[in-house]
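Notes follow once the structure below has been shown.
Protein chains: 2
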Amino acid sequence: MSMRMRESYHVQLDAIMVSLVGLTETVADAVGRTTKALLNADLQMAERVISDDAIIDNAHDDIEQRCFSLLARQAPVAGELRTIVAALRMVNAMGRMGDLAAHIAKIARLRYPDSAVPNALHENFVTMARLSESMVRAAAASLRDRNVSNAARMAEEDEEMDELRAAQFRVLLGEEWNEGVEKAVDAALLGRYYERIADHAVNISSRLIYLSTGEAPEGENWPRA
Amino acid sequence: MSMRMRESYHVQLDAIMVSLVGLTETVADAVGRTTKALLNADLQMAERVISDDAIIDNAHDDIEQRCFSLLARQAPVAGELRTIVAALRMVNAMGRMGDLAAHIAKIARLRYPDSAVPNALHENFVTMARLSESMVRAAAASLRDRNVSNAARMAEEDEEMDELRAAQFRVLLGEEWNEGVEKAVDAALLGRYYERIADHAVNISSRLIYLSTGEAPEGENWPRA
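So the protein sequences, as listed, match chains D and C.
Residue 79 in our numbering sits at position 79 of the first sequence, and the numbers go up by one each step.
Just remember that our numbering sits 225 ahead of the position in the second sequence, which is counted from 1.
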């Protein structure tokens with residue numbers, strides 16, 4: 001491959017990474033909006049998150065296609081390959097996070113004008129939603145700055161998510177629960193969706209560690225999805 | 226690349242596809258066992274599914290590593306690249322299905338010696354579990370035979386899964402529900418896990434269509450996870 005072709009290859013790969021950062025920010029916005037829709041029983045906001053998921057899907061398809069075409073057109077060297085494979089993984093995580101934000105918005109829409117969030121778990125969901133959005137924003141920042149120094153913090157936040165989820169179950173299944181079956185079912189699924197959004201953010205961060213170091217991060221968070 | 230190197234490349238790629246078929250069967254077995262654990266409140270079976278998830282994870286890591294090393298060591302041509310990228314996607318889907326089977330087993334274990342499945346939904350879960358296992362087996366068969374002719378049937382089965390899930394919500398949130406909050410929360414999550422297993426089976430099938438035809442299948446099932 002000529003120097004000029006190699007340069008153009010890098011330009012295209014860098015452009016893919018820039019698009020990925022943009023998509024991660026878009027996903028973080030979707031998580032923020034779906035939380036507003038959920039906590040304020042805001043129907044318009046819920047509709048917006050649901051219809052805007054098509055934007056995330058299109059960006060996903062576009063980035064995926066560009067990765068495939070780079071892979072197919074020119075033989076990448078090892079470091080480039082690792083980047084493209086990581087980009088394919090990350091873009092899929094983003095597509096899934098967008099779907100999960102839309103799932104949350106659909107529950108908000110279904111219960112409108114009521115709030116889908118139980119009173120007894122309002123504070124828990126405020127914290128959980130804020131945390132998951134901030135984890136997606138941290139993933140975007142790591143990706144933008146190619147900086148994996150916040151990985152340890154990400155692991156802590158992931159533990160905090162686990163604790164918030166456990167606390168939800170204690171409330172839902174506790175003696176004092178008096179908000180009925182529907183609210184409990186909604187809360188169990190909403191908690192699952194936010195937890196999965198956080199998992200994907202952790203996975204993106206793990207992929208970046210792998211990209212920077214060639215080593216899988218220690219512990220059980222090595223991503224599979 | 227010499228003819229001999231090219232041949233060895235194909236041998237390794239074929240070996241990866243054989244391992245993938247084996248892993249898909251292992252995952253289908255896990256789905257079958259977790260269903261037995263769940264429907265019969267069988268603690269030993271639940272423990273087995275949970276500990277055997279490590280086998281699935283190890284097979285996942287092994288196949289992923291072999292894909293990476295093929296990608297990195299020798300420059301694959303377009304068709305090979307497409308196969309390796311698809312294999313990476315599929316192996317991740319299998320890792321996730323294994324995790325979901327373990328999630329189901331953990332709920333079964335948590336409720337032992339009681340059954341986690343509500344009486345009112347016993348038949349629904351029998352059908353849903355059988356269907357999701359059969360979808361994973363169909364994905365394994367398609368992968369083994371490189372035959373995508375069952376894709377239309379897979380789409381039908383996916384619709385049937387959606388209907389079964391909708392029926393669950395009608396029962397859980399209906400007037401006649403009298404099995405309490407805990408059973409309802411368990412059922413909502415169990416239904417979600419089986420639904421996701423089926424989604425992954427559909428995604429594997431879609432990947433195979435892409436591999437055979439180079440075209441994304443029509444409709445909304447183009448996989449993102």
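Quick reminder that beta carbons are idealized off the backbone N, C-alpha and C, glycines included.
A direct Cα-Cα distance of roughly 36 Å separates Val-410/C from Ala-86/D. Rounded to the nearest angstrom, the Cβ distance from Ala-326/C to Val-256/C is 5 Å, consistent with a contact under 8 Å.
Beyond the five residues adjoining it in sequence on each side, Tyr-194/D comes within less than 7 Å, by CB distance, of Met-128, Ala-129 and Ser-132 in the same chain, given in chain order. For Glu-182/D, the neighbours in chain C by C-beta distance under 9 Å run, in chain order, Leu-397, Leu-398 and Ala-409. The C-alpha of His-328/C lies about 47 Å from the C-alpha of Glu-7/D.
Cβ neighbours of Ser-19/D within its own chain (closer than 8 Å, five residues either side excluded): Ala-59, Asp-62, Ile-63 and Arg-66.
Ranked by Cα distance from Leu-172/D, the options Val-202/D, Ile-197/D and Val-117/D are led by Val-117/D. Using a Cβ-Cβ cut-off of 7 Å, Ala-413/C is close to Val-185, Ala-188 and Leu-189 of chain D, given in chain order. Val-373/C sits close to Leu-433/C, with the two beta carbons spaced by under 8 Å. Excluding the 5 residues flanking it on each side, Val-351/C has same chain C-beta neighbours closer than 7 Å at Leu-264, in chain order. The way I'd put it, the region 306 to 325 of chain C does touch the region 422 to 430 of chain C; three or more beta-carbon pairs between them come closer than 8 Å.
Distance between Ala-151/D and Ala-138/D, taken at the CA atoms: about 9 Å.
A distance below 8 Å between beta-carbons, with the five flanking residues on each side excluded, links Asp-278/C to the following residues of its chain, in chain order: Ala-255, Gly-323, Asp-324, Ala-326 and Ala-327.
Residues are counted here when their Cβ sits less than 8 Å from a Cβ of chain C; for the region 80 to 92 of chain D these are Leu-81, Arg-82, Val-85, Leu-88, Arg-89 and Asn-92, given in chain order.
Under a criterion of Cβ atoms nearer than 7 Å, the residues of chain D adjacent to Ala-297/C are, in order, Ala-78 and Leu-81. Residue state for Ser-69/D is assigned as helix, using DSSP reduced to three classes. When Cβ-Cβ separations below 8 Å define contact, Arg-207/D makes no contact with chain C.
For Glu-382/C, the enclosing alpha helix (DSSP H) starts and ends at 376 to 397. Taking the Cα of Ala-380/C as reference, the smallest distance to any Cα among Ser-359/C, Asp-282/C and Gln-393/C is reached at Ser-359/C. A straight-line Cα-Cα distance of about 41 Å links Ile-84/D and Arg-334/C. DSSP, read as helix, strand or coil, puts Ala-266/C in coil. Taking C-beta atoms as the reference points, Asn-344/C and Gln-393/C fail to come closer than 8 Å.
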